[in-house]
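Structure, as structure tokens:
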Amino acid sequence: MRHSRLTLLVFTTTFTLVPAVSAQDFGYFGEDGPPHWAELTPDFAVCGSGEEQSPVDFSRRALRGRTFNRVPASYGSTEGEIFDTGHTIEVETEGHNVLTLDGIEFELVQFHFHTPSEHTIRGRGADLEVHLVHRSAAGELAVVGVLIRRGKSSGALAPFFELLPDEPVGRQHLTDEFDPADFLPSNRANYRYRGSLTTPPCTEGVRWIVLADTVTITDEHMARFAERVHFNSRPVQRRLQ
Ligand SMILES: [Zn+2]
204 MRHSRLTLLV FTTTFTLVPA VSAQDFGYFG EDGPPHWAEL TPDFAVCGSG
254 EEQSPVDFSR RALRGRTFNR VPASYGSTEG EIFDTGHTIE VETEGHNVLT
304 LDGIEFELVQ FHFHTPSEHT IRGRGADLEV HLVHRSAAGE LAVVGVLIRR
354 GKSSGALAPF FELLPDEPVG RQHLTDEFDP ADFLPSNRAN YRYRGSLTTP
404 PCTEGVRWIV LADTVTITDE HMARFAERVH FNSRPVQRRL Q
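Numbers in our numbering are just positions in the sequence shown, counted from 1, shifted up by 203.
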């Protein structure tokens with residue numbers, strides 16, 4: 204780690220993360236792709252100058268020091284609205300879903316997907332990654348990332364992929380409630396680090412929890428998602444040693 208424990212403590216108590224809202228759009232290819240995000244607007248400058256940018260690759264050595272056995276979350280019955288942001292498929296959530304980290308309570312506000320996965324583990328990624336985004340009362344963010352590979356079943360994620368329309372439409376209220384805990388693999392071993400949003404404005408100070416194990420999605424659901432979202436994955440920004 205670059206920071207001493209003391210520095211991190213000070214950082215934690217004094218830094219309030221409020222992502223800037225910008226009308227500037229960004230992309231994943233060409234002139235507005237990830238290498239150029241910092242040039243698109245001064246609001247995105249930290250995408251280029253930041254020192255704790257996400258996503259990361261977890262090296263074998265990094266994994267030894269960062270592995271935890273449980274995800275400190277209390278999830279339950281949740282309602283949601285699904286919509287296409289233009290960059291991903293997102294579900295805004297309503298329910299009492301609390302993640303507690305560093306003594307701070309973070310409430311789940313939304314989850315969304317990236318293809319292929321953004322985080323890699325010992326250099327290996329997956330077909331998809333879901334990000335469960337939590338926000339504290341002070342506006343700080345904590346994100347739980349789960350890598351998703353192709354398999355026989357889409358498990359608890361199936362209903363969201365069944366709902367994907369062929370064309371972008373407005374928000375759809377999900378008729379069935381769901382439990383975000385069901386999105387996590389049964390083995391809850393996870394890695395933690397301090398990073399950033401993986402989309403502009405790339406704001407830092409985000410507490411990341413990335414599950415070591417994967418869940419699965421069917422070929423059919425993967426194809427359905429890929430039709431709507433072709434590629435929305437920021438390259439690995441650094442390798443955690
Ligand atoms: Zn994300």
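Where a beta carbon is used, it is the ideal one built from N, C-alpha and C, also for glycine.
According to DSSP, is residue i part of a helix, a strand, or is it coil?
| i | result |
| --- | --- |
| S225 | At S225 the pLDDT is 46, less than 50, meaning the model places this residue with poor confidence; the figure from the coordinates comes in the next sentence. Residue state, collapsed to three classes: coil. |
| V293 | Note on identity: in this sequence residue 293 is Glu, with Val being the wrong assignment. Residue state, collapsed to three classes: strand. |
| L443 | strand |
| S399 | strand |
| G283 | strand |
If residue i sits next to residue j, beta carbons under 8 Å apart, how far is it from one beta carbon to the other, in whole angstroms?
| i | j | result |
| --- | --- | --- |
| Q440 | V259 | 6 Å |
| E293 | H315 | 4 Å |
| F309 | S339 | 5 Å |
| E343 | I307 | 7 Å |
| S262 | R442 | 6 Å |
| L311 | L335 | 6 Å |
Classify residue i as buried or exposed, calling it buried when 16 or more other Cβ atoms lie within 10 Å of its own Cβ.
| i | result |
| --- | --- |
| E459 | Since the first residue of the chain shown is 204 and the last is 444, residue 459 is not available in this structure. |
| H424 | buried |
| V372 | exposed |
| S320 | buried |
| S356 | exposed |
| G283 | buried |
I'd like to know if residue i contacts chain C, where contact means its C-beta is closer than 9 Å to some C-beta of that chain.
| i | result |
| --- | --- |
| F261 | Judged by its chain identifiers, the structure shown contains no chain C, having just a single protein chain. |
If you drop the 5 nearest sequence neighbours on each side, which residues of the same chain put their C-beta closer than 7 Å to that of residue i?
| i | result |
| --- | --- |
| T318 | D330, L331, F428, A429, V432, F434, N435 and S436 |
Only counting the same chain, and skipping five residues up and downstream in sequence, which positions put a Cβ closer than 6 Å to that of residue i?
| i | result |
| --- | --- |
| I324 | F261 |
**Asked** Does the stretch 428-436 come close enough to the stretch 410-419 to have 3 or more Cβ pairs within less than 8 Å?
**Response** Judged by pairs of C-beta atoms under 8 Å, the stretch 428-436 does not touch the stretch 410-419, as fewer than three such pairs exist.
**Asked** Counting Cβ pairs closer than 8 Å, one from the stretch 263-270 and one from the stretch 354-366, do we hit at least three?
**Response** no
**Message:** Would the stretch 324-341 count as touching the stretch 243-253 if we require 3 or more Cβ pairs under 8 Å?
**Reply:** Too few Cβ pairs lie closer than 8 Å, so no.
**Asked** At a cut of 8 Å, does the stretch 294-306 reach the stretch 224-238 through at least three beta carbon pairs?
**Response** no
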